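Okay, so here's the structure we're looking at.
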Amino acid sequence: MDSKQHMAKLANGISLEYIDISVPESPKGIIVLLHGFPQTAYQFRHVIGPLSSVGYRVIAPNYRGAGRSSKPATGFTKSKMAGDIIQLLDALGIKSKVHLVGHDIGGMIAWAIAARHPDRLQTVNWGECPLLGTSIHQEDRTDRAIDQFHFIFHCVRDLPEALIVGREEIYLSHFFNKLTFNTKAIGPEDLDHYVRAYSQPGAMRCALEVYRAFLEDAEENREWVRSHGKCKVPAIGMSGEKSAHCEQARRMLAEVHEDGTYEVATVSDAGHYLAEENPQGFVDKTLAFIEKHRK
Numbered sequence: 001m002d003s004k005q006h007m008a009k010l011a012n013g014i015s016l017e018y019i020d021i022s023v024p025e026s027p028k029g030i031i032v033l034l035h036g037f038p039q040t041a042y043q044f045r046h047v048i049g050p051l052s053s054v055g056y057r058v059i060a061p062n063y064r065g066a067g068r069s070s071k072p073a074t075g076f077t078k079s080k081m082a083g084d085i086i087q088l089l090d091a092l093g094i095k096s097k098v099h100l101v102g103h104d105i106g107g108m109i110a111w112a113i114a115a116r117h118p119d120r121l122q123t124v125n126w127g128e129c130p131l132l133g134t135s136i137h138q139e140d141r142t143d144r145a146i147d148q149f150h151f152i153f154h155c156v157r158d159l160p161e162a163l164i165v166g167r168e169e170i171y172l173s174h175f176f177n178k179l180t181f182n183t184k185a186i187g188p189e190d191l192d193h194y195v196r197a198y199s200q201p202g203a204m205r206c207a208l209e210v211y212r213a214f215l216e217d218a219e220e221n222r223e224w225v226r227s228h229g230k231c232k233v234p235a236i237g238m239s240g241e242k243s244a245h246c247e248q249a250r251r252m253l254a255e256v257h258e259d260g261t262y263e264v265a266t267v268s269d270a271g272h273y274l275a276e277e278n279p280q281g282f283v284d285k286t287l288a289f290i291e292k293h294r295k
C-alpha cells in the first residue's frame, strides 16, 4: 500500500494535500474522508488502514486552509470548498462515484457536495455538525450559545487571531478536553500534531474564515433546498453516543434529505471525535452502510 501524502494542483489554482491509499487489485470502491476543526486528515489515522484492508481505495484530503493545502484569503463557503473536492477527484482521474464521509466541518462540505454534485457520489456519511441553514444550527447559536461560543467568536474580525495565535495549544486543547468521551483518544503527540498544523502561517486565519462564511453558507443551503429540493443521495448521519449531536441527527437529516433516503447511526463510547475515540466502531458503522449501497 502507498500511504504517502501527496499534493494536487487543482484547476482553480488551489493546491490540496491528501493521503491516498490504493489497493493492489481492483478496489471495491473509493472512500473519501473529510476532516473537521481543529483537525486535519490526521484524525483518520486509525481508520484509513482498516477501511483499505477490506478492499477500498481511501483518500483523505486536507481541505483548503488546513495542513499543507493552500491558504487563500477567500473562498471558504462550503460550496466553494466542495468544489475543491470535486476538482481533486477530477485531478486524480476519478470518474466513478465515491463514498463520501465528512466529520464536523467536513460534514458540512460533504452535504454541499451531495446536494450539488449527486452524480459523483454513491453514498454520503456526514455528522457531528449542525448543518448550516437547518433549525438545529439556529438552536446551536441560541439555546446552546455558551457551549458553541466559537460559532460567534470565530466570526469576529481580527480579534480571535490576536488572542489565539501563539496560544494554539491552549485553544485547541479546550475543544479536545470538552468534546471527548474517551479522554485517552487524543494524546500529547496527537495534540502536538494539530497544534503544529494550526501554528503554520495563515492556518488559524483560514480556520476562522471557515466559520466566518457560516451565515452565507446557511443562506446558500436554504436557497438550494428551496430551489432544488432535498438531497436524494443515500445518506447516513453518524454521531457519537455521548455527543450532544446524537439527539439532533435524525431531525436535522429530515430537513435536507428526501424521506426514505437517509438513516442515522451512533458510535458507542465516543463523544465528538468518532474516528479517534472509537476507531473500530467508526469503521464498522461506515462499512455497514457502504456495503448496503455498494453497486
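Under UniProt numbering, read the sequence shown as residues 1 to 295, first letter to last.
From the three backbone atoms N, C-alpha and C, an ideal C-beta is built for every residue, glycine too.
Source: prediction; values computed, not measured.
For Thr266, the uninterrupted beta strand (DSSP E) segment begins and ends at Tyr262 to Val267. Here Thr77 really is in contact with Glu220; their C-beta atoms are around 7 Å apart, less than 8 Å.
The C-alpha of Glu258 is placed about 20 Å away from the C-alpha of Cys246. Note that the segment 48-58 does not touch the segment 176-194; fewer than 3 beta-carbon pairs, one per stretch, sit closer than 8 Å. Remark: C-beta atoms of Pro24 and Leu172 do not approach each other more closely than 8 Å. Per the C-alpha coordinates, the member of Ile86, Thr142, Lys295 and Phe44 positioned closest to Ser15 is Ile86. DSSP, read as helix, strand or coil, puts Asp20 in strand. DSSP places Ile164 in the uninterrupted alpha helix (DSSP H) bounded by Leu159 to Ile164. At the C-beta level, Ala110 and Gly102 come within 8 Å of one another.
Across the set Lys9, Trp224 and Tyr273, the C-alpha of Tyr273 shows the shortest separation from the C-alpha of Asn177.
Contact between Ile19 and Ala60 holds: their C-beta atoms lie close to 4 Å from each other, under 8 Å.
Pro279 has its alpha-carbon roughly 15 Å from the corresponding atom of Gly127.
Pro61 is bridged by DSSP to Tyr18.
Contact annotation: the segment 235-252 touches the segment 121-137, with at least three C-beta pairs closer than 8 Å. Following the DSSP letters along the chain, one finds Ile30 inside the beta strand (DSSP E) bounded by residues Gly29 to Leu34. Beta bridge pairing from DSSP links Gly127 with His103.
The three-state secondary structure of Ala8, taken from DSSP, is strand. At a Cβ-Cβ threshold of 8 Å, Thr261 and Ala235 count as neighbours.
For Ile236, the enclosing beta strand (DSSP E) stretches over residues Ala235 to Gly240. Ile164 has its alpha-carbon roughly 14 Å from the corresponding atom of Cys155.
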